[in-house]
Amino acid sequence: MRDPQNIREIGNLAPDYMGFVFYPPSPRYAGELDLGALRDLPDTIQKVGVFVDADYDEMRESIERYRLTAVQLHGHETPELCERIRPYGQVIKAFGVAEKSDLKQVVHYEKSCDLFLFDTRTVAYGGSGRRFDWRVLEEYHGQLPFLISGGIGPEDVERVRDMKHPKCVGVDLNSRFEITPGYKNMELIDKFIKSIR
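Residue 137 in our numbering sits at position 61 of the sequence shown, and the numbers go up by one each step.
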């Protein structure tokens with residue numbers, strides 16, 4: 077999210093999380109966010125800074141400036157960095173998944189994160205619009221809850237409803253709910269949220 081009016085519109089739909097990308101190469105890069113639009117969001121919405129291999133000081137500065145309440149880490153961040161940034165809010169560590177062996181690495185992050193996000197494994201970082209086979213997640217036996225990302229679209233209501241893993245607590249709606257990168261289609265998101273709640 078980055079457009080002030082779009083932030084307010086989606087905020088009115090009361091999602092649990094709203095993400096702001098602080099990774100300059102991304103087509104969804106937030107740049108300078110409107111502080112007023114962020115202040116207008118209900119306190120029930122976690123404001124998530126999305127970072128890729130950012131250093132601690134860079135993340136802390138963004139967290140403090142925009143009063144973020146969570147970070148989502150999509151790079152090669154170490155468990156030690158996750159632990160260090162954790163006092164500032166929830167830490168969501170993203171992992172690219174294509175096969176069950178991709179889940180082995182998560183065990184190293186169990187004690188330093190609050191949530192995992194399982195996304196489609198690609199050479200880029202997020203927003204690919206591509207799916208992965210959720211059956212792979214049957215091999216996840218960790219203790220932390222997780223979110224699912226990767227190519228979820230408006231037509232996936234039943235697919236989401238059928239996801240019965242006990243640690244799955246939500247889905248990440250991104251590129252397939254956009255009008256342009258970073259600008260969400262409010263009607264599609266509203267309909268999807270109402271269909272799965």
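We treat Cβ as the ideally placed atom computed from N, Cα and C, and that holds for glycine. No experiment lies behind these values; they were computed from the predicted model shown.
Nearest-angstrom Cβ-Cβ length linking residue i and residue j, presumed shorter than 8 Å
i: residue 126; j: residue 95; result: 5 Å
i: residue 139; j: residue 128; result: Contact doesn't hold; Cβ gap of about 15 Å is too wide.
i: residue 257; j: residue 163; result: So it is not a contact: roughly 32 Å between Cβ atoms.
i: residue 149; j: residue 169; result: 5 Å
i: residue 260; j: residue 82; result: 6 Å
i: residue 155; j: residue 177; result: With 8 Å as the limit, residue 155 and residue 177 do not qualify as a contact, their Cβ atoms being about 19 Å apart.
i: residue 198; j: residue 206; result: 6 Å
i: residue 230; j: residue 268; result: 6 Å
Proximity winner among the options, relative to residue i (alpha-carbon distances)
i: residue 121; options: 90, 260, 242; result: 90
i: residue 110; options: 235, 79, 186; result: 79
i: residue 179; options: 259, 218, 168; result: 218
i: residue 135; options: 190, 97, 189; result: 97
i: residue 216; options: 237, 242, 232; result: 242
i: residue 131; options: 213, 157, 181, 169; result: 157
i: residue 234; options: 272, 264, 213; result: 272
i: residue 209; options: 259, 237, 225; result: 225
i: residue 238; options: 211, 186, 100, 88; result: 211
i: residue 182; options: 206, 153, 255; result: 153
i: residue 85; options: 262, 269, 267; result: 262
i: residue 270; options: 254, 255, 236, 240; result: 236
i: residue 278; options: 232, 137, 184, 144; result: What the structure shows of the chain is the stretch from 77 to 273, and residue 278 is not part of that stretch, so it cannot be assessed.
i: residue 190; options: 145, 213, 227, 214; result: 145
i: residue 214; options: 232, 228, 240, 223; result: 240
Beta-bridge pairing of residue i - partner residues as DSSP gives them
i: residue 134; result: Residue 134 pairs with nothing; no bridge assigned.
i: residue 148; result: 126, 168
i: residue 244; result: 222
i: residue 96; result: 125
i: residue 260; result: 254
i: residue 194; result: 171, 224
i: residue 105; result: 97
For this session: Examine the Cβ distances between the region 169-176 and the region 190-200 and report whether three or more of them are shorter than 8 Å.
Result: By the C-beta criterion, the region 169-176 is judged to be in contact with the region 190-200, since at least 3 inter-stretch pairs fall below 8 Å.
Problem set entry | Cβ contact (3+ pairs, closer than 8 Å) linking the region 231-246 and the region 97-117 | Remark: fewer than three beta-carbon pairs, one from each stretch, lie closer than 8 Å, so the region 231-246 and the region 97-117 are not flagged as touching.
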